[in-house]
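**Student:**
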Amino acid sequence: MPPFKQPKKQVSSIEKPVIEEQRASTAYQVVYSRDIRKKKKQMFDGVLVIENQRMRLFDMESKQLFTGSDQIYDNISQYYMGQYYVELMNQISIDEFKSGKIFMAQPEPEQKIIVKPKKIFKSKQQQDVEPKFTILEGFDIDQFLYKQLRVHQIEGVRFMLECVTGKKGKSIRGCILADSMGLGKTLQAITLMWILIQSHEIQKIVITCPVSLIGNWEKEIKKWLGPMRLQPLTAIGTKDEVNKQVKYFLYSPYNLLLTSYETFRNICNEIDKVIDLLICDEGHRLKNSNIKTVQTMNQLKCKRRIVLSGTPIQNNMKEFYACCDFVNPGIFQSYKTFKLVFQDPIEMSIEKGSSAESIELGKLRSQELSSLTSQFILRRKPEILSKFLPSKFEYLMFCTMTPQQQVLYKRSLQLCPNSVMMQLNLLRKVTTHPKLIEDDESQVAEKLVVQDYQSVKFNCLKIIVDQCKEQNEKIIINSYYRQTLDQIEHNLIQWNLKFLRLDGKVVQKQRLTLVDEFNKDKDITVFLLNGKSGGTGLNLVGANKMICIEVDWNPANDSQVMGRIWRDGQSKQVHIYRLITCGTYEEKIMQRQLTKENLSSNIVDEKSLQNQFTTEELKDLLTYKDSQKCYIFDQSDKLEPEHDYPSDLNKFVVLVKIHKTQSCIPNEFDNQNTFLEKVVEDPSNIQNLDNEELQDDNSQLQEISDSQEQEVFKDITNQIQNINLDQQQEINDKIQADFPLANINICDLSFLD
Numbered sequence: 001m002p003p004f005k006q007p008k009k010q011v012s013s014i015e016k017p018v019i020e021e022q023r024a025s026t027a028y029q030v031v032y033s034r035d036i037r038k039k040k041k042q043m044f045d046g047v048l049v050i051e052n053q054r055m056r057l058f059d060m061e062s063k064q065l066f067t068g069s070d071q072i073y074d075n076i077s078q079y080y081m082g083q084y085y086v087e088l089m090n091q092i093s094i095d096e097f098k099s100g101k102i103f104m105a106q107p108e109p110e111q112k113i114i115v116k117p118k119k120i121f122k123s124k125q126q127q128d129v130e131p132k133f134t135i136l137e138g139f140d141i142d143q144f145l146y147k148q149l150r151v152h153q154i155e156g157v158r159f160m161l162e163c164v165t166g167k168k169g170k171s172i173r174g175c176i177l178a179d180s181m182g183l184g185k186t187l188q189a190i191t192l193m194w195i196l197i198q199s200h201e202i203q204k205i206v207i208t209c210p211v212s213l214i215g216n217w218e219k220e221i222k223k224w225l226g227p228m229r230l231q232p233l234t235a236i237g238t239k240d241e242v243n244k245q246v247k248y249f250l251y252s253p254y255n256l257l258l259t260s261y262e263t264f265r266n267i268c269n270e271i272d273k274v275i276d277l278l279i280c281d282e283g284h285r286l287k288n289s290n291i292k293t294v295q296t297m298n299q300l301k302c303k304r305r306i307v308l309s310g311t312p313i314q315n316n317m318k319e320f321y322a323c324c325d326f327v328n329p330g331i332f333q334s335y336k337t338f339k340l341v342f343q344d345p346i347e348m349s350i351e352k353g354s355s356a357e358s359i360e361l362g363k364l365r366s367q368e369l370s371s372l373t374s375q376f377i378l379r380r381k382p383e384i385l386s387k388f389l390p391s392k393f394e395y396l397m398f399c400t401m402t403p404q405q406q407v408l409y410k411r412s413l414q415l416c417p418n419s420v421m422m423q424l425n426l427l428r429k430v431t432t433h434p435k436l437i438e439d440d441e442s443q444v445a446e447k448l449v450v451q452d453y454q455s456v457k458f459n460c461l462k463i464i465v466d467q468c469k470e471q472n473e474k475i476i477i478n479s480y481y482r483q484t485l486d487q488i489e490h491n492l493i494q495w496n497l498k499f500l501r502l503d504g505k506v507v508q509k510q511r512l513t514l515v516d517e518f519n520k521d522k523d524i525t526v527f528l529l530n531g532k533s534g535g536t537g538l539n540l541v542g543a544n545k546m547i548c549i550e551v552d553w554n555p556a557n558d559s560q561v562m563g564r565i566w567r568d569g570q571s572k573q574v575h576i577y578r579l580i581t582c583g584t585y586e587e588k589i590m591q592r593q594l595t596k597e598n599l600s601s602n603i604v605d606e607k608s609l610q611n612q613f614t615t616e617e618l619k620d621l622l623t624y625k626d627s628q629k630c631y632i633f634d635q636s637d638k639l640e641p642e643h644d645y646p647s648d649l650n651k652f653v654v655l656v657k658i659h660k661t662q663s664c665i666p667n668e669f670d671n672q673n674t675f676l677e678k679v680v681e682d683p684s685n686i687q688n689l690d691n692e693e694l695q696d697d698n699s700q701l702q703e704i705s706d707s708q709e710q711e712v713f714k715d716i717t718n719q720i721q722n723i724n725l726d727q728q729q730e731i732n733d734k735i736q737a738d739f740p741l742a743n744i745n746i747c748d749l750s751f752l753d
C-alpha cells in the first residue's frame, strides 16, 4: 500500500522542509503509475522537472502528463500528482532534460574490435605485391586505391568502416555519408566495398540508386578498380532480364548487384538472405516511410546499411528521422519520441518571433541531436573542394518582370481562386515566359493569352548565353519542366547555337553518352538539363556556367543540380546564375528555401540557430507585391571584375546577392585563356605556341565577336511583332545603344507581322 491512502493535501514549508535545490531548476528520474487505488501498480519510467516553482511530469517519450504547483520535500520520495502516483528515484542534471538526452537510450561505449588474422593461402606470386595502407585495425587499403584518395576521403572510409563493423557499439551498424556534392561519396563507397571484400568481412553487396545513376556506378567502379577486380551485375530491364541477373548474383561468385529502388522492391525477398551490405545512393529517397519501397527495405535482415546523400534534410525533420531510423533502427526509440524531444522544440525555435525560452530549448535540443547523430552521420561541406578547385560564384538575381508579365501575373491571381495548384502553375508560366501560357490547352490559360511574349528571364538568358559564346565557354541551362525546355530549345535554334538536351525522354543508356559528348565536343555551347531527370550523379564539368530558370520548393534539388559543374575535373571559375522574379511567389519560395537550409545546418552542420520567417509569411504565396523591389535582402553585393557578371543584366536585375566559395589553389590555375587550355590538353603544345599565335587568336576572337553582334541584332528584330509607332523610336534608341556596330534603324522594320 502506498504511504498515503488518500491524495495528499498541500503542506506548508513550515510543517516540512522543502528541498533547497528547488529554488533552482532541478529534475528527477521517477517511476509513476496511473493505478492510484491498486495494490499492485504497473510502473513506468518518467522524468519530473521542477522549474519556477512548478512541477511537470513527463513520460519517456517526452509527453507531458502533469503540471502543478506542488513541492518536493526532504526525506519524502512518494507523491500523488493529480491522477498519478510518483516515486522519486534519483536526481539528475537539469541539462539532461533540456538537451533531451534523458529521453534517448544511452549509447553503448565504443568497443575495441579484436580481429583475428585470417589464415589465407598466398602463392609466391601473391606475396610480392605492393604494400598496403592500414586504415583500421584488420582492414587495409590497396596501394592503387590509396594513392587516389584525398585526406577527407580516407577519413570517410574509416568512419564507414567503424560503423558497419560495430566499433561504435551494437546499436550502430549503419551510417549516413552526407558529404556535399562533389566530395567523392561514390569513390569512398567503392573503396569501402573493396576493403570489406578483400578482408573477407562480407560476400554480397547491393547498391540501390535512381535508374539514371546505374550507368555512372558501372563507369566509376571500372575507373577506380579496373575492369576485372569487381564486376557488377545490373538488375534492370524486363522481368526476365532482372530474374536472370538475380540468379547470377545468388549462385555465382559475383559480389555486387546494382539495381534501382523500384526493382529492388520486387526482388527484395529473393536476395534478402544473402545481402551483407546495402548501399543506398541518393538515399534521401528513403525520406517517406509510408511508401512500399521504403517499408520493404526497412524489413531487411541486413543491418549493415549505408545511405549516401548530400541532402539528408530536404523538407522537414520527419524525413531526417526516416533516414536515421533506416540505417540504425530504433536509434530514437520511435518517431513520437523524436518529435516531442527534438523536432517540435527545434522547429519552434527558428520561427520568427520565438521566445527566448523557446530559442534556448531549441538550441540545447539541436546540440544534443547533433551530438547523437554525429556517431553515424558524417558531413563535410563543399568548402573542402576549394583546396582542389577554382572559385565558385553563385548569383541570386532578383529580376523585374516585363510590363506584360506583370499584367498577366495579376490576371492569373484573379482566376481559379479555389485551386491554388492551378494558380501556381499559371504563375510559374507567367514568370518564366508568357509564351508558355499560349501552349497551355486549359480554358483558364486561354483567357490570359496576349500578343507580346517578352520575358525578363529569357532576356537575361540571352545575355549570359551570348557572353558564353563570345568567351568560347559552355553553359548548362536547367529547368524542371519539359515545356520550358521546349521554349528554350526553340530560342537556341533561332540563335544558331549547338546544344544537347537531357530530360525524362532520354533512356538511361544514352545519358552518359550525352554527357561525354558535351564534355568533349568544343562546338557544343549549351546543355539543356531537366533537373528532375539529370540533377543527380552526372558530371558536367565541361561547362563552367549554369543558369537556373526556376527556384524549386526543395532546396536540395537546386543544390544537386548546381553540384553538377563544381566538382572534380573542373578547371575554370564556376558561375551559377539563379533567376528569381521580384515580388512574386518565387521570392517566397526562396524564403522557404532559406528556412529549410537553416534547419539542415542546425542539425547536420551543427550551426547556431537563426530566426527565419514565420509560418504565416511562408504561406502567403499568392500575394503580389511591387516587382521593382526585392523583399528578402536589402542591398546588392558589390560586383567585382572577377565575378564575370555581364553589365547588360543591370537593365533587368534590381538586386544581386553573391555567394563566393574562394579557391585555395594558386591564382594561375584560375586563369582562363587559350594558352592554358591547349597545354592542359597536350603538354607538347607548349613548344608550338608563341606570342604571335596568341595575338592572332585574340584578333580572330574580336572578329567573331563583331559578327556575332550583327547576328544577335538580326535574331532580335526577327522576333519583333505588333510594335506600335510610338514605341519604335524608344526601342530603336535602346538597340543602337546596345549594338553600336549594327547600323540599322528599327523604324525600317515596321512591315514585320
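Numbering-wise (UniProt numbering), the sequence shown opens with residue 1 and increments by one.
By construction, the Cβ of each residue, glycine as well, lies at the ideal position given by its N, Cα and C atoms.
Keep in mind that this is a model prediction, so the values were computed, not measured.
Leaving out five residues before and five after residue 755 in sequence, what residues of the same chain have Cβ atoms less than 6 Å from its Cβ?
**Tutor:** One cannot answer for residue 755 here, as it falls past the ends of the chain, which runs 1 to 753.
**Student:** State the DSSP-derived secondary structure class of serine 355, mapped to helix, strand or coil.
**Tutor:** Note: serine 355 maps to coil in three-state DSSP.
**Student:** Taking tyrosine 261 as part of the alpha helix (DSSP H), name the residues at either end of that continuous run.
**Tutor:** Taken as a continuous stretch (DSSP letters only), the alpha helix (DSSP H) holding tyrosine 261 covers 261-271.
**Student:** Where DSSP assigns a beta bridge to leucine 88, which residues make up the other side?
**Tutor:** In the DSSP output, where bridge partners are listed per residue, leucine 88 has Val30.
**Student:** Got a sec, what are the start and stop residues for the alpha helix (DSSP H) serine 99 sits in?
**Tutor:** It spans 94-99 - the alpha helix (DSSP H) in which serine 99 sits, taken as one unbroken run.
**Student:** Is glutamine 508 closer than 7 Å to valine 211 when the C-beta atoms are compared?
**Tutor:** Cβ distance < 7 Å, so valine 211 and glutamine 508 count as in contact.
**Student:** If you compare alpha carbons, which of Ser349, Arg265, Pro232, Leu213 is closest to asparagine 282?
**Tutor:** Note that residue 282 is glutamate in the sequence shown, not asparagine. Comparing Cα-Cα distances from glutamate 282 to each of Ser349, Arg265, Pro232, Leu213, the minimum goes to Leu213.
**Student:** Just the Cα atoms here: how many angstroms apart are serine 386 and lysine 572?
**Tutor:** Those two C-alpha atoms are separated by around 12 Å.
**Student:** Quick one: what's got a C-beta closer than 8 Å to tyrosine 577's C-beta in the same chain, skipping five residues either side?
**Tutor:** Tyr395, Met397, Cys460, Ile464, Lys545, Met546, Ile547, Cys548.
**Student:** Does the distance from the CB of leucine 500 to the CB of phenylalanine 527 come in under 7 Å?
**Tutor:** In this structure, phenylalanine 527 lies closer than 7 Å to leucine 500 by Cβ.
**Student:** So, at 6 Å on beta carbons, what are the nonlocal neighbours of glutamine 36 in its own chain, with the 5 sequence-adjacent residues on each side left out?
**Tutor:** Looking at the sequence shown, residue 36 is not glutamine but isoleucine. Result list for isoleucine 36: Tyr85, in chain order.
**Student:** Nearest-angstrom Cα distance between asparagine 519 and valine 541?
**Tutor:** When rounded, the distance between both Cα atoms is 7 Å.
**Student:** With three or more C-beta pairs closer than 8 Å as the rule, is the region 410-426 touching the region 358-370?
**Tutor:** Short answer: they don't touch.
**Student:** Among His152, Met89, Lys292, which residue has its Cα nearest to the Cα of isoleucine 72?
**Tutor:** Nearest option by C-alpha distance: Met89.
**Student:** In the DSSP assignment, what residue or residues form a beta bridge with isoleucine 477?
**Tutor:** Isoleucine 477 pairs with Leu528, Ile547.
**Student:** For the 8 Å Cβ check, are there 3 or more pairs between the region 163-170 and the region 88-104?
**Tutor:** Contact fails: fewer than three Cβ-Cβ distances are below 8 Å.
**Student:** Using the rule of at least 16 other Cβ atoms within 10 Å of the residue's Cβ for burial, across every protein chain shown, is proline 204 buried or exposed?
**Tutor:** Proline is not the amino acid found at residue 204; the sequence shown has lysine there. So lysine 204 counts as buried.
**Student:** If you check the beta carbons only, do isoleucine 195 and isoleucine 377 fall under 7 Å apart?
**Tutor:** No, they are not a contact pair.
**Student:** Roughly how many angstroms lie between the CA atoms of glutamate 351 and threonine 661, to the nearest whole one?
**Tutor:** Near 28 Å, if we compare the C-alpha coordinates of threonine 661 and glutamate 351.
**Student:** I'd like the list of long-range same chain contacts for serine 289, defined as Cβ closer than 6 Å, with 5 residues on each side in sequence excluded.
**Tutor:** The residues are Ala322.
**Student:** Which value, in whole angstroms, describes the spacing of the CA atoms of asparagine 611 and valine 246?
**Tutor:** Unreliable positioning characterises asparagine 611 in this predicted model, as indicated by a pLDDT of 49, which lies under 50. A coordinate reading is not provided.
**Student:** Indicate the three-state DSSP secondary structure (helix, strand or coil) for methionine 397 in the structure shown.
**Tutor:** Here methionine 397 sits in strand by DSSP.
**Student:** Evaluate glycine 583 with the Cβ neighbour count: other Cβ atoms within 10 Å of its Cβ, from every protein chain shown; 16 or more gives buried, anything less gives exposed.
**Tutor:** Label assigned to glycine 583: buried.
**Student:** Taking the Cβ atom as the reference point for each residue, do leucine 340 and glutamate 61 lie within a distance shorter than 7 Å?
**Tutor:** Yes. Within cutoff.
**Student:** In angstroms with no decimal places, state the Cα-to-Cα distance between glutamine 628 and cysteine 468.
**Tutor:** Computed Cα separation, rounded: 28 Å.
**Student:** Count the other CB atoms within 10 Å of the CB of isoleucine 493; is the residue buried (16 or more) or exposed (fewer)?
**Tutor:** Exposed, by the Cβ-count rule.
**Student:** Less than 7 Å separating the beta-carbons of leucine 183 and arginine 380?
**Tutor:** Yes, they are a contact pair.
**Student:** Do phenylalanine 97 and valine 31 have their C-beta atoms closer together than 7 Å?
**Tutor:** Against a cut-off of 7 Å, the Cβ pair of valine 31 and phenylalanine 97 comes out as no contact.
**Student:** Whole angstroms is fine: what's the gap from glutamate 155's alpha carbon to glutamine 188's?
**Tutor:** Answer to the nearest angstrom: the Cα atoms are 9 Å apart.
**Student:** Please report the Cβ distance between lysine 303 and glycine 174, rounded to the nearest whole angstrom; I am assuming they are in contact, meaning their Cβ atoms lie under 8 Å.
**Tutor:** Between glycine 174 and lysine 303 the Cβ distance is about 7 Å, and since that is below 8 Å, they are a contact.
**Student:** Sort out for me which residues DSSP pairs isoleucine 377 with in a bridge.
**Tutor:** Isoleucine 377 is bridged to Ile176.
**Student:** If you draw a straight line from the alpha carbon of glutamine 414 to that of arginine 482, how long is it in whole angstroms?
**Tutor:** Cα-Cα distance, rounded: 26 Å.
**Student:** Our contact map puts phenylalanine 652 next to cysteine 399 with C-beta atoms below 8 Å; I'd like the distance itself, whole angstroms only.
**Tutor:** Correct: roughly 5 Å between the Cβ atoms.
**Student:** Taking glycine 138 as the reference, give the member of Lys170, Ile197, Arg34 with the closest Cα.
**Tutor:** Measuring from the Cα of glycine 138, the nearest candidate turns out to be Ile197.
**Student:** So, helix, strand or coil for cysteine 582, using DSSP?
**Tutor:** Looking at cysteine 582 - three-state DSSP - the assignment turns out to be coil, as it is neither helix nor strand.
**Student:** How big is the Cα-Cα spacing for leucine 649 and asparagine 530?
**Tutor:** For leucine 649 and asparagine 530, the distance between alpha carbons rounds to 24 Å.
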